[in-house]
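**Student:**
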Amino acid sequence: MKRTRIVDTIACAFDAIEIACDLIGKSNRKGGYLCVTDNLGQLITLTQIGQVPDKKKPKYAQFAQEKAVRLSKHSQHVSSWQSRNPREDMWGGAIRSSQFIFSFSGLPEEWDEACTLVIAHDVGELDNIEFNAIARISQNQFAASLKKSVAEID
2 MKRTRIVDTI ACAFDAIEIA CDLIGKSNRK GGYLCVTDNL GQLITLTQIG
52 QVPDKKKPKY AQFAQEKAVR LSKHSQHVSS WQSRNPREDM WGGAIRSSQF
102 IFSFSGLPEE WDEACTLVIA HDVGELDNIE FNAIARISQN QFAASLKKSV
152 AEID
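Residue numbers (the working numbering): 2 to 155.
#1: Using 10 angstroms around the beta-carbon of residue 97, count the other beta-carbons present and answer buried if the total reaches 16, otherwise exposed.
#2: According to the neighbour-count rule (16 or more other Cβ atoms, all chains shown, within 10 Å of its Cβ), is residue 140 buried or exposed?
#3: For residue 16, which residues from the same chain have a beta carbon less than 7 Å from its beta carbon, with the 5 sequence-adjacent residues on both sides left out?
#4: From the beta carbon of residue 19, is the nearest beta carbon of chain D less than 7 Å away?
#5: Tell me the residue span of the alpha helix (DSSP H) that contains residue 66.
#6: Going by DSSP, name the residue or residues bridged to residue 33.
See the structure below:
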């Protein structure tokens, strides 16, 4: 991923996370960690987006990376929801595009995934069909409204 693509991805993430936090409403969660890897799970960037309490930073960073690495190990999966296991602290919130895995941790689980879907779509890594197919896997009820809200500011 070229430097300009990384910058564009992070800029999209700031927009998506800010809007998601507004849509969530009264919540103490106002940010988290965006992790982007290649499809083999090799880290490209791990970036804090928004406000994260100091005591939550290690947890959210670790979860964002775990989701991406786990998804990379399931080459037929397009969503970390497909290998989700709450008993093992394995959550949804990562999605696969043709070239990259986008993962976020810090918001409620469905919002983590909604944000990654919107970020990947906004940077041209997912088309509408792929976006909708992945959202259907987890029955994500927030992805479409977040996508629409982010599109309105572009």
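Cβ atoms here follow ideal geometry from the backbone N, Cα and C, with glycine treated the same way.
**Tutor:** From the atom records:
#1: By 1-based counting over the sequence shown, the position of residue 97 is 96. Label assigned to residue 97: buried.
#2: The count along the sequence shown starts at 1 and reaches residue 140 at position 139. Burial call: exposed.
#3: As a working note, residue 16 is residue 15 in the sequence shown. Hits under 7 Å: 151, 154.
#4: Protein chain content of the structure displayed is limited to a single chain, and chain D is not contained in it.
#5: Taking the sequence shown and counting its residues from 1, the one referred to as residue 66 is at position 65. Here the alpha helix (DSSP H) through residue 66 covers 58–74.
#6: By 1-based counting over the sequence shown, the position of residue 33 is 32. DSSP output for residue 33 lists 50 as bridge partner(s).
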